[in-house]
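The structure appears right after this line, and notes come after that.
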Amino acid sequence: MSVTISHGTNKYGEEAFSANTIANLGQHLAHVLSAKDWRTIAFLFNGQLRGPVTVPPRKAGQVSAALGRAVGHPLMPRGVWTEYARSFANAAQRAATARQPWEWS
Numbered sequence: 246m247s248v249t250i251s252h253g254t255n256k257y258g259e260e261a262f263s264a265n266t267i268a269n270l271g272q273h274l275a276h277v278l279s280a281k282d283w284r285t286i287a288f289l290f291n292g293q294l295r296g297p298v299t300v301p302p303r304k305a306g307q308v309s310a311a312l313g314r315a316v317g318h319p320l321m322p323r324g325v326w327t328e329y330a331r332s333f334a335n336a337a338q339r340a341a342t343a344r345q346p347w348e349w350s
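To get the working numbering, take the position in the sequence shown, counting from 1, and add 245.
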């Protein structure tokens, strides 16, 4: 299953990721984030994403902040997982800044 994310990780709009990639990223995030931060993002990254999700702009900003903290955490695996987390954080922030919902479908 492929998940398309609005305000994509590139500057041209939406981008698709496999549900497996998102769930694997979630496992890394769960290990480095505080319980509060994990609760903020778990609905997207816990491997249980079923169907479209609309994240309100304010919540997208919170998700972006939590992902940003994960990127900077010393235990976050560097390389592809840090890049994915940063890309998701940037997309969430673009939605929040534009005051638009962040769509996952």
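All C-beta atoms in this analysis are idealised placements derived from N, C-alpha and C, irrespective of residue type, glycine included.
When the beta-carbon positions are compared, W347 and A305 come within less than 7 Å of each other. Distance from the CA atom of W283 to the CA atom of A340, rounded to whole angstroms, is 20 Å. Within the same chain, S350 come within 6 Å of P297 by CB-CB distance, once the 5 residues on both sides are set aside. Collapsing the DSSP output to three states places G296 in coil. By the neighbour-count definition (other C-beta atoms within 10 Å, threshold 16), Q338 is a buried residue. Nearest in C-alpha terms to V325, of all of T249, I267, S251 and T342, is I267. Assignment of A261 by DSSP, reduced to helix, strand and coil, places it in the strand class. A distance of 7 Å or more separates the beta carbons of A334 and G317.
For Q307, the enclosing alpha helix (DSSP H) stretches over residues P302 to G317.
Under the three-state reduction of DSSP, S251 is assigned to strand.
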